[in-house]
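The first sequence runs 1 to 333 under full-length UniProt numbering.
Note that CB positions come from ideal geometry on N, CA and C, so glycine has one too.
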Amino acid sequence: MLNQASVFQEQFVPADIVHREDEVTTISNALRPIHSHGNPEVTFLFGPTGVGKTCVAKHTVNELEADLSDVDAQYVNCWQDYTRFGVLYKLLEGIDAHGTVHRQSTPKDELFNRLREQLSRPYVVILDEVDQLAEDHVLYDLYRIPEISLICIANRKDDVFPTLDTRVRSRLETGLELQFDRYSQSELVDILSGRVNEGLTAGVVTDDQLRRVAELASGDARVAIGTLRAAANAAHQSNATRITDAMITQGVPEARQRVEKDGLDRLTDHQQELYYIVKDDGPIAPGELYATYSERVSDPRCKRTVRKYLRKIEQYGLLESDGQKRARTYDER
DNA sequence: CGTCCACAGGAATAAGTGGCGT
DNA sequence: ACGCCACTTATTCCTGTGGACG
Numbered sequence: 001m002l003n004q005a006s007v008f009q010e011q012f013v014p015a016d017i018v019h020r021e022d023e024v025t026t027i028s029n030a031l032r033p034i035h036s037h038g039n040p041e042v043t044f045l046f047g048p049t050g051v052g053k054t055c056v057a058k059h060t061v062n063e064l065e066a067d068l069s070d071v072d073a074q075y076v077n078c079w080q081d082y083t084r085f086g087v088l089y090k091l092l093e094g095i096d097a098h099g100t101v102h103r104q105s106t107p108k109d110e111l112f113n114r115l116r117e118q119l120s121r122p123y124v125v126i127l128d129e130v131d132q133l134a135e136d137h138v139l140y141d142l143y144r145i146p147e148i149s150l151i152c153i154a155n156r157k158d159d160v161f162p163t164l165d166t167r168v169r170s171r172l173e174t175g176l177e178l179q180f181d182r183y184s185q186s187e188l189v190d191i192l193s194g195r196v197n198e199g200l201t202a203g204v205v206t207d208d209q210l211r212r213v214a215e216l217a218s219g220d221a222r223v224a225i226g227t228l229r230a231a232a233n234a235a236h237q238s239n240a241t242r243i244t245d246a247m248i249t250q251g252v253p254e255a256r257q258r259v260e261k262d263g264l265d266r267l268t269d270h271q272q273e274l275y276y277i278v279k280d281d282g283p284i285a286p287g288e289l290y291a292t293y294s295e296r297v298s299d300p301r302c303k304r305t306v307r308k309y310l311r312k313i314e315q316y317g318l319l320e321s322d323g324q325k326r327a328r329t330y331d332e333r
């Protein structure tokens, strides 16, 4: 019944993008100067998780690569490569020019210079989760290289721009900004249908069931597809020929946990403790949160450090804060 | 409506880590 | 083995500020 499990994987990029045609066109147009040896403005994609930002970016770049033979492209997730070094190295890797580089012994601008020298043709760079970039000025570095076209992805505009150096910001703010919103239920159904047609044997899941999955995912394609994957796996393992409603109901928490766990894995014990306090007791005021936290752990970190943790957890999309200063409350997302 | 203070977040500083060449 | 260097993480200190409260 599972013909092609890969279509349910996180990083899968479908050949046909549904319900994001306008976005694909807009980004395509933004990249158009590449055809005539110009250099495009920076493109920003904003929106919550599971709304297709990464997918659309990758798809559009794939199309461009298929169109033009003399163009390079590289995808960088700034979660993994969050330093200037990491990003530059990844970009050199993308054009097979990384050679031998030692983290410490390589002079500061060696990587940058090497990248600039090696580039002879357009290089489209997708910077995903760009708000996680610890060293912003690398954005400015890349901006200065004429061959490089940037597509930057982040959850919220406010996560990116306020932290940027003003000089960097003023350059980047002139770029194109695209806001992605949550999918509607029927849009999610269409997305799911596409995957089902490719990945599953006909008749394994009904249209009604897909509607149910879409409804439970509340606009998040990541959760929707994850739910379907979990249900399909459950059916596969029990040698069933069809997905049952129970499998779907069971798949939802599984998919959500997976999304949650993704972020949680990146947190330290202290950060996880904070997350669980907020999850259990939220919405919770800063003072109370810190009091509870210092009770629960044996060696509490100072307040300043806890504030840094909370900011980080919030950026992971696990928590959200509301209000300013004394009136602020932390709550689960 | 003014004062106060809990809070956010920047900067400087200290302590710890890991890879490197010698 | 050793020190060096780049870099990370936590702490202390500090400033600005918005909401609470008299």
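Tell me which residue opens and which closes the alpha helix (DSSP H) that residue i is part of.
{"i": "residue 314", "result": "303-315"}
{"i": "residue 207", "result": "207-217"}
{"i": "residue 27", "result": "21-30"}
{"i": "residue 37", "result": "Here residue 37 belongs to no alpha helix (DSSP H), and DSSP marks it neither H nor E."}
{"i": "residue 297", "result": "From DSSP, residue 297 is part of no alpha helix (DSSP H); its letter is neither H nor E."}
What is the DSSP secondary structure of residue i, counted as helix, strand or coil?
{"i": "residue 125", "result": "strand"}
{"i": "residue 104", "result": "Summary for residue 104: the model assigns pLDDT 46, below 50, so the residue's position carries little reliability; its value from the coordinates is reported in the next sentence. Coil."}
{"i": "residue 15", "result": "coil"}
{"i": "residue 322", "result": "strand"}
{"i": "residue 250", "result": "helix"}
{"i": "residue 282", "result": "coil"}
{"i": "residue 238", "result": "coil"}
{"i": "residue 151", "result": "strand"}
{"i": "residue 177", "result": "strand"}
{"i": "residue 264", "result": "helix"}
{"i": "residue 8", "result": "helix"}
{"i": "residue 119", "result": "coil"}
{"i": "residue 142", "result": "helix"}
{"i": "residue 133", "result": "coil"}
Just to confirm, are residue i and residue j a CB contact at a threshold of 7 Å?
{"i": "residue 242", "j": "residue 204", "result": "yes"}
{"i": "residue 199", "j": "residue 7", "result": "yes"}
{"i": "residue 147", "j": "residue 122", "result": "yes"}
{"i": "residue 58", "j": "residue 45", "result": "no"}
{"i": "residue 124", "j": "residue 55", "result": "no"}
{"i": "residue 17", "j": "residue 43", "result": "no"}
{"i": "residue 224", "j": "residue 217", "result": "yes"}
{"i": "residue 290", "j": "residue 303", "result": "yes"}
{"i": "residue 145", "j": "residue 116", "result": "yes"}
{"i": "residue 282", "j": "residue 331", "result": "yes"}
{"i": "residue 222", "j": "residue 270", "result": "no"}
{"i": "residue 180", "j": "residue 47", "result": "yes"}
{"i": "residue 297", "j": "residue 273", "result": "yes"}
{"i": "residue 41", "j": "residue 176", "result": "yes"}
{"i": "residue 75", "j": "residue 126", "result": "yes"}
{"i": "residue 111", "j": "residue 133", "result": "no"}
Could you give the first and the last residue of the continuous beta strand (DSSP E) run that contains residue i?
{"i": "residue 329", "result": "329-332"}
{"i": "residue 185", "result": "Premise fails: residue 185 lies in the alpha helix (DSSP H), 185-199, not in any beta strand (DSSP E)."}
- Item | Touching by the beta-carbon criterion (3+ pairs, under 8 Å), the stretch 181-189 and the stretch 21-41 | The stretch 181-189 is not in contact with the stretch 21-41.
- With contact counted as at least three CB pairs below 8 Å, one residue from each stretch, are the stretch 190-198 and the stretch 77-87 in contact? When Cβ pairs closer than 8 Å are counted between the two stretches, the stretch 190-198 is seen not to touch the stretch 77-87, the count staying below three.
- Item | Segment contact flag, the stretch 248-256 with the stretch 270-280, C-beta cutoff 8 Å, min 3 pairs | Contact fails between the stretch 248-256 and the stretch 270-280, because fewer than three Cβ pairs, one in each stretch, are under 8 Å apart.
- Task: Report yes or no: do three or more beta-carbon pairs, one from the stretch 66-73 and one from the stretch 13-26, lie closer than 8 Å?
- Result: Not touching, per the Cβ criterion.
- Query: Can you list the alpha helix (DSSP H) stretches of 4 or more residues lying completely in the stretch 41-117, in chain order?
  - Reply: Entirely contained in the stretch 41-117, the alpha helix (DSSP H) runs reaching 4 residues are, in chain order, 53-67, 84-94.
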